[in-house]
Amino acid sequence: MRRPYTLGRCACCGGNRLLKYAKRTHCSRYRCQKAAAALLAAANEDAEDDLAPTFAKSIEFILGQRFCDPEELNDEKRRNILSSSDFKRCYLIDGIFATSASDDGFRGKRWVEIDELVEKISEPDLDTALDRWMTTVAADTKEEMARLRNTAS
Ligand SMILES: [Zn+2]
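Each number in the numbering used here corresponds to the 1-based position in the sequence shown with 1103 added.
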């Protein structure tokens, strides 16, 4: 059985994050997973206990956007203006995540930083998914607000 993941200081980015990779030393942020994958490849031992890093392979739907993860911010940062180093453009991706391009992977939902999307998803696919998200979400939100205001009165 896998050991449970714990919150801790990521050996790569230094953030207080859920540690899942490279013997529970790296978080699931893109560059940290990449570093963990490199460590795994270099060590090439004890791999069974290690979770292979997985990256976004394709997008079914984009479910949301965020510019920071409050979980990663300490109390002071949470109540103050977001600094540029804490500003991270992420999308909630409902899609296929895989260890490599040849891996079929699995369906999942995960917050993904935009640099991972740019590197792993083809430009037309990413543009299409983002366009679809921006147009449908903007329209849906206005409709939902109108519906809520009508039912409230
Ligand atoms: Zn990290």
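Glycine included, C-beta positions come from ideal geometry on N, C-alpha and C.
In this model, G1111 and R1120 are separated by some 6 Å (Cα to Cα). Shortest gap from the CB of G1118 to any heavy atom of ligand 1: under 7 Å. For the 8 Å CB-CB criterion, K1223 and F1164 do not form a contact.
The way I'd put it, the region 1190–1201 does touch the region 1209–1221; three or more beta-carbon pairs between them come closer than 8 Å. Around the C-beta of S1187, fewer than 16 other C-beta atoms lie within 10 Å, and the residue is accordingly described as exposed. Per the coordinates, the alpha-carbon of P1156 lies some 9 Å from the alpha-carbon of K1123.
Under DSSP, the beta-bridge partners assigned to G1198 are I1162, G1211. Separation of the CB atoms of D1189 and K1180 is rounded to 6 Å, and the pair is thereby assigned contact status at 8 Å. In the displayed model, L1220 falls within a helix according to three-state DSSP.
Each residue's CA atom was taken as its position, placing T1128 and R1210 some 25 Å apart. The C-alpha of C1135 is placed about 10 Å away from the C-alpha of L1142. About 5 Å separates the CB atoms of K1160 and I1199; that is less than 8 Å, so the two are in contact.
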